[in-house]
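Read through the structure below, which is laid out as structure tokens, and then see the notes.
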Amino acid sequence: MDKDRIKAQIDLEWDDDEVLPEVVNPDTEFLFNRMTEATFEVVGARQGEMILDIGCGRAGDGVELARRGATVVGLEASRVMLAHAREHVNGNGAHVTLVHGVGECLPVRHQSVDKVLCKGALDHFAEPETVIGQIARALKPEGQAIIALANFESLGFKLGRRIYSVKSALGFKDGKVRMPWEPPPDHTCKFDYFLLRRMVGAHLEVEEEVGVSFLFGFPWWGAFLARCPRKIYLALLAILDKVAHRFPSLSDVVILRCRPKNGECVD
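Take 997 as the starting number for the sequence shown in my numbering and just add one per residue.
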């Protein structure tokens, strides 16, 4: 793998300062929090095991996994985000090793890692399928990969697109505002449940799939929840999250827990 070629395709100065919207409605807050909680549940960090966090960002997940006893290595391509990560790790007194690198060329030995975490990052890489192949190479034979990603064919996004297409046909325009179901400019791939399963399945065997959150992106849903008492909207979102758990193909976020394929040797 030509590391320099890969680096030339990505933004090595990417910053997440403008990722979150100025107004965070209850559904957005719930989605981000629940995605993190559910991912940790699937990871099931154990004392002393080595976890490689690919696209670690500010290392928030890495710090928490280290607190739970894991030996964590965070890999990040953006120099800016790596600086944020160092600040966060040092500020929390955590033991997380931070490495500047790309997922398409993992700086680890063959079959040397207990678990690999890739949360909300796969659709930022220049070559996502190459990253998955690298994950398979890095995992020990009994290792696990946990991949969590936004589903751009969720029920909320499907309904949102249909509603706004009707509005547009009736002459109602929303200007140049990017809709939630439109991938941000920093995304390299528009993933949905089925594409993710196919891409992962080429290199890894899926053992568990979990859906997280339901109806994010449905027009006016967040504004409606913001008008509800906190106790009410949390109850509604929790119920919908249970539905999403059973129907990951329609959920807002998909989490896959995978293992290396039996007898497969990845170069």
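Glycine is no exception: its CB is placed at the ideal position from the N, C-alpha and C atoms.
* Any 3 or more C-beta pairs closer than 8 Å across the stretch 1247-1258 and the stretch 1216-1225 -> no
* **N- and C-terminal bounds of the beta strand (DSSP E) containing residue 1141** => 1135-1146
* Asked: Could you give the distance in angstroms between the alpha-carbon of residue 1040 and the alpha-carbon of residue 1119?
  -> Each residue's alpha carbon lies about 24 Å from the other.
* Determine the contact status of residue 1052 and residue 1072, defining contact as a CB-CB distance below 9 Å. => Cβ atoms of residue 1052 and residue 1072: closer than 9 Å.
* Asked: Leaving out the 5 sequence neighbours to the left and right, which residues in its chain are closer than 7 Å to residue 1080 when beta-carbon positions are compared?
  -> 1054
* the stretch 1110-1126 touching the stretch 1156-1176, judged by at least three CB pairs closer than 8 Å -> no
* With which residues is residue 1094 paired in a DSSP beta bridge? -> 1070
* Proximity to residue 1075 [Cα-Cα], best of 1084, 1096 and 1064 -> When each option's Cα is compared against that of residue 1075, the closest is 1096.
* To do: May I have the straight-line CA-CA distance separating residue 1154 from residue 1228, to the nearest angstrom?
  => 25 Å
* Would you say residue 1188 and residue 1148 are within 9 Å of each other, going by their C-beta atoms? -> In this structure, the beta-carbon distance from residue 1188 to residue 1148 falls below 9 Å.
* To do: Whole angstroms is fine: what's the gap from residue 1062's alpha carbon to residue 1093's?
  => The straight-line gap from Cα to Cα measures roughly 10 Å.
* Using the Cα positions of residue 1047 and residue 1110, report the straight-line distance between them to the nearest angstrom. => Between residue 1047 and residue 1110, the C-alpha separation is close to 6 Å.
* Under 9 Å, do residue 1143 and residue 1191 count as touching if we go by C-beta distance? -> For residue 1143 and residue 1191, no; Cβs fall outside 9 Å.
* Asked: So which of 1130, 1212, 1182 and 1226 has the shortest CA-CA distance to residue 1013?
  -> 1182
* Run of the alpha helix (DSSP H) containing residue 1162, from where it starts to where it stops -> 1151-1165
* If you drop the 5 nearest sequence neighbours on each side, which residues of the same chain put their C-beta closer than 7 Å to that of residue 1034? -> 1206, 1208 and 1251
* Asked: How is residue 1256 classed by DSSP in three states: helix, strand or coil?
  -> In the structure shown, residue 1256 falls within a strand segment according to DSSP collapsed to helix, strand and coil.
* Which two residues bound the contiguous beta strand (DSSP E) that contains residue 1053? -> Where residue 1053 is concerned, there is no enclosing beta strand (DSSP E), given that its DSSP letter is neither H nor E.
* Asked: Skipping 5 residues on each side, what residues in its chain have a beta carbon closer than 6 Å to that of residue 1179?
  -> Excluding residues within five positions, the ones whose Cβ falls inside 6 Å are 1186.
* Asked: Exposed or buried, residue 1140, counting other C-beta atoms within 10 Å across all chains shown (16 or more means buried)?
  -> buried
* How about residue 1145 and residue 1050: do their beta carbons lie closer than 9 Å? -> no
* To do: Determine the direct distance from the alpha carbon of residue 1059 to that of residue 1088, and round the result to whole angstroms.
  => 8 Å
* To do: Compare the Cα-Cα distances from residue 1090 to each of 1211, 1107, 1223 and 1056 and report the closest residue.
  => 1056
* Asked: Tell me the DSSP bridge mates of residue 1111?
  -> 1047 and 1140
* Under 9 Å, do residue 1211 and residue 1022 count as touching if we go by C-beta distance? -> no
* Where residue 1305 sits in the DSSP three-state scheme -> Past the edges of the chain, shown from 997 to 1263, lies residue 1305, and the structure says nothing about it.
* Strand pairing of residue 1201, partner residues [DSSP] -> 1255
* To do: Identify every residue that forms a DSSP beta bridge with residue 1250.
  => 1145 and 1207
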